[in-house]
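A.B. asks:
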DNA sequence: AATTAGCAGTCAAACAAAAAGAGTGCTAAC
DNA sequence: GTTAGCACTCTTTTTGTTTGACTGCTAATT
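Residue numbers (the numbering used here), protein chains in the order written: chain A, 76 to 415; chain B, 76 to 415.
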């Protein structure tokens, strides 16, 4: 059912005010602040109707109204006035991204830092797994007699956190040889493809079968999101929100947010095309406390999805600001990543 | 002034009980629980004297006694009975350290995880900077036309988080050449020494002066503690302590603990020989909230200090357990690191 | 001289009752 | 459809009272 214009307007003000003050919104305050042309009694009737429709709730019979999860959803999709960031904020974003960042990981870290700073919320970022990434070069670096560091250069980043064991009997020359051969084998293929050529290794490569199998294991690690790919920033920001005055709520929130694996499943869920994605309330996601929202955006370079970033915080968050920040950061981020 | 045996005993019980219950300790409870041979009135006299001496405080005139920072210090150094860990706990520690860990960083992460788990406190770990470390090999890996990854193998670890820029005009062969030459130059010298040979580069090396200068910059990064060398675990554990029921206290604590640079300065301060180092209350350390303690231990391999680890938490913490955990983890850690 | 019993005094915490205040819902008039 | 006005509800704040856990002190005891 479509709401009347007036209902929409009133609902918008309720959400606006509630986000601003964290106090249940009364009919009187609405007329005083925004609706001087109609009486509080009229507003009361409308509020009552909006409650009937499921957009508002009351904590008790004689309290003001609080938006429901449904109301927030409508607010974000329809009601909310899109905000622009101040010049100061824009400058801040630009400044941070001007800093030297040699690799994707640093860029993500900067991103979450900026977002958390500007929104005063906990921010999360994750790099998508490398499943479809094309490999450019593979390099082995033996630094212990039986262990070698694996370096993998892909289109977008340099992976360097994996080790394979090599036979101590293998000479350095043989290892270089293996490197050359396997690099050739993998070049221009995606992680997925490389993992699937397990069986038909031609005679040319057969001497390095063991190393290759180790390599495949290493690749697999990068094909699912790793904990180290999840970046969190400002976990403590939640403490500044009045509705989190209760220790148990904080504990609950932190227990979600400090477990990176939980955050991973949260973020990996949405592979949709929508740029900005808002999950309000549980929305069926068990991982989030039901008074939380998750607002995320995906970023891509040259049309390929690189990762997801966003904020997680109380359902009563400043969506105007959050969306504005995510959009602006997104723009800058994409331009940086595309020009690499 | 030396305390009488009886005073010591009473003080010990007060601290024990207070650590256990978090409730101010009364004369009656002391006689009931531990001192059935003397009357509560006598204990009251002793408590009063101990308060006079600065070891105990009262929250208000008719409350039980709470240990002062001084009392905790005395408790840890003199009074406390050293505890042994249960077999279960020992097994747990051993199990964790049996897991494969290819590098020092992973070992530290495991260490902090174990400590936080067993003590229910926030634990911190930091790897000492590499100032005096001897370099074994240096490797450049060009992964973008103008950027190369620097790999440095030292006695204790593989450093791989630094990039230098190289002229695009430089061929891969020249880079390998530079690598060989500089590796030779640096081998068996410490970071410090390498940084100081800036001037007298002999003609043999002079062709790579620029690269060398870049390399020195990279080395310098490892000569001070970096944020990524600081590991924190269980930041949320503080929420389980009853004296941290106040949001502001939590905020205060978390603001220290989430800023790795603050933790860095905290941990880098103590280069003393003492194995276990206890800082109770502020003790002049501005960084710690004054109702917190920091208990740390340094670990070394083959006589060289490798880093520091420990716990940070409320002044009322289970020092018996903390010390026991740190000592046991320390033993295992040193044996692992020494045998590498 | 050290110990102890006993008691008065103190203070926080728990409880209860009352008052104040903010809002709504409803009715009747406009 | 809108609005004024009032009764009603429920929270929050205030105030007062009681209870109980301690201590400190004094005077008696060992």
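Even glycine gets a Cβ: it sits at the ideal position worked out from N, Cα and C.
Look up residue 138 of chain A in the DSSP assignment and say whether it is helix, strand or coil.
C.D. replies: Of the three classes helix, strand and coil, the one that applies to residue 138 of chain A here is coil, per DSSP.
A.B. asks: Report the start-end ranges of each beta strand (DSSP E) in the region 100-152 of chain B that is 3 residues or longer and not cut off at the edges.
C.D. replies: Qualifying beta strand (DSSP E) stretches, in chain order: 131-133, 140-142.
A.B. asks: Can you name the residues of chain B whose CB is closer than 9 Å to the CB of residue 326 of chain A?
C.D. replies: What residue 326 of chain A touches in chain B: 311, 314, 315.
A.B. asks: Give me, in chain order, the residues of the same chain whose beta-carbon lies closer than 7 Å to that of residue 261 of chain A; leave out the 5 immediate sequence neighbours on both sides.
C.D. replies: Closer than 7 Å at the Cβ level, and outside the excluded window around residue 261 of chain A, lie 210, 213, 269.
A.B. asks: Should residue 307 of chain A be counted as a contact of the ligand NAD given a C-beta to heavy atom distance under 7 Å?
C.D. replies: By its list of ligands, the structure shown contains no ligand whatsoever, and the ligand NAD lies outside what it can speak to.
A.B. asks: Judging by CA-CA distance, which residue of B:237, B:217, B:255, B:232 is the nearest neighbour of residue 245 of chain B?
C.D. replies: Of the listed residues, the one whose Cα sits closest to residue 245 of chain B is B:217.
A.B. asks: Could you give the uninterrupted runs of the beta strand (DSSP E) lying entirely in the region 209-293 of chain A, keeping only those of 3 residues or more?
C.D. replies: Taking only runs of at least 3 residues, the beta strand (DSSP E) segments lying wholly in the region 209-293 of chain A are 210-219, 222-229, 233-240.
A.B. asks: If you drop the 5 nearest sequence neighbours on each side, which residues of the same chain put their C-beta closer than 6 Å to that of residue 341 of chain B?
C.D. replies: Cβ within range, chain order: 362.
A.B. asks: Strictly under 8 Å for the Cβ-Cβ distance: is residue 286 of chain B near chain A by that measure?
C.D. replies: It does not; no Cβ of chain A falls within 8 Å.
A.B. asks: Using the beta-carbon count (16 or more within 10 Å), is residue 113 of chain A buried or exposed?
C.D. replies: Its Cβ having fewer than 16 others within 10 Å, residue 113 of chain A is exposed.
A.B. asks: If I'm right that residue 147 of chain A touches residue 90 of chain A with Cβ under 8 Å, what's the distance once you round it to whole angstroms?
C.D. replies: About 7 Å; that satisfies the 8 Å criterion.
A.B. asks: Could you compute how far the alpha carbon of residue 95 of chain B sits from the alpha carbon of residue 397 of chain A?
C.D. replies: About 45 Å.
A.B. asks: Which residues in the same chain as residue 329 of chain A place their Cβ atom closer than 7 Å to its Cβ, once the five residues preceding and following it in sequence are excluded?
C.D. replies: For residue 329 of chain A, where only same-chain residues beyond five positions count, the Cβ hits under 7 Å are 310.
A.B. asks: Which bits of chain B does residue 322 of chain A rub up against, with CB to CB less than 7 Å?
C.D. replies: Under the 7 Å cutoff, chain B gives 314, 320.
A.B. asks: Is the distance from the Cβ of residue 143 of chain A to the Cβ of residue 136 of chain A below 8 Å?
C.D. replies: For residue 143 of chain A and residue 136 of chain A, no; Cβs fall outside 8 Å.
A.B. asks: Hey, how far is the Cα of residue 150 of chain B from the Cα of residue 407 of chain A?
C.D. replies: Answer to the nearest angstrom: the Cα atoms are 57 Å apart.
A.B. asks: If I measure Cβ to Cβ from residue 182 of chain B and keep anything under 6 Å in the same chain, skipping five residues before and after, which residues do I get?
C.D. replies: The answer, listed in chain order, is 176.
A.B. asks: Does chain A have any CB closer than 8 Å to the CB of residue 341 of chain B?
C.D. replies: Output row for residue 341 of chain B: interface = no.
A.B. asks: Tell me whether residue 189 of chain A sits in a helix, a strand or coil according to DSSP, three-state version.
C.D. replies: Correct three-state label for residue 189 of chain A: helix.
A.B. asks: How many Å lie between residue 325 of chain A and residue 82 of chain B at the Cα?
C.D. replies: Each residue's Cα considered, the two are about 42 Å apart.
A.B. asks: Residue range of the alpha helix (DSSP H) that residue 411 of chain A falls in?
C.D. replies: Taken as a continuous stretch (DSSP letters only), the alpha helix (DSSP H) holding residue 411 of chain A covers 394-413.
A.B. asks: Leaving aside the five residues before and after residue 222 of chain A along the sequence, list all residues of the same chain whose C-beta is less than 8 Å from its C-beta, in chain order.
C.D. replies: Correct list, in chain order: 238, 239, 240, 241.
A.B. asks: Only counting the same chain, and skipping five residues up and downstream in sequence, which positions put a Cβ closer than 7 Å to that of residue 186 of chain B?
C.D. replies: Excluding residues within five positions, the ones whose Cβ falls inside 7 Å are 200, 384, 404, 408.
A.B. asks: Quick check: residue 338 of chain B and residue 305 of chain B, are their CB atoms within less than 8 Å of each other?
C.D. replies: Result yes, Cβ atoms of residue 338 of chain B and residue 305 of chain B sit closer than 8 Å.
A.B. asks: Once DSSP output is grouped into helix, strand and coil, what is the label at residue 330 of chain A?
C.D. replies: Helix at residue 330 of chain A.
A.B. asks: Assuming residue 310 of chain B is part of the alpha helix (DSSP H), what are its boundary residues?
C.D. replies: Per DSSP, residue 310 of chain B belongs to no alpha helix (DSSP H) and is neither H nor E.
A.B. asks: Since residue 195 of chain B and residue 380 of chain B are thought to touch, with beta carbons under 8 Å apart, how far apart are those beta carbons, to the nearest angstrom?
C.D. replies: About 28 Å; that fails the 8 Å criterion.
A.B. asks: As a quick exercise: from B:312, B:232, B:164, pick the residue whose alpha carbon is nearest that of residue 224 of chain A.
C.D. replies: Ranking B:312, B:232, B:164 by Cα distance to residue 224 of chain A puts B:232 first.
A.B. asks: Can you list, in chain order, the residues of its chain with a C-beta nearer than 6 Å to that of residue 228 of chain B? Leave out the 5 residues immediately preceding and following it.
C.D. replies: If we look at residue 228 of chain B and ignore the five residues flanking it on each side, its Cβ neighbours are 211, 212.
A.B. asks: Label residue 289 of chain A either buried or exposed according to how many other C-beta atoms from any shown protein chain fall within 10 Å of its C-beta, with 16 as the threshold for buried.
C.D. replies: Residue 289 of chain A should be labelled buried.
A.B. asks: Quick check on this structure: which residue in B:253, B:256, B:374, B:191 has the alpha carbon closest to the alpha carbon of residue 386 of chain B?
C.D. replies: Nearest of B:253, B:256, B:374, B:191 to residue 386 of chain B, Cα basis: B:191.
A.B. asks: DSSP state of residue 206 of chain B, grouped into three classes?
C.D. replies: It is coil, neither helix nor strand.
A.B. asks: Just the chain B side, please: which residues come within less than 9 Å of residue 218 of chain A by C-beta, in chain order?
C.D. replies: 211, 212, 214, 226, 228, 233, listed in chain order.
A.B. asks: At a CB-CB cut-off below 7 Å, which residues of chain A make contact with residue 222 of chain B?
C.D. replies: What residue 222 of chain B touches in chain A: 177.
A.B. asks: Please confirm if residue 329 of chain A has its CB atom under 8 Å from at least one CB of chain B.
C.D. replies: Yes, contact with chain B.
A.B. asks: Please name the residue, chosen from A:318, A:188, A:314, that lies closest to residue 323 of chain B on a Cα-to-Cα basis.
C.D. replies: Considering only alpha carbons, the answer is A:314.
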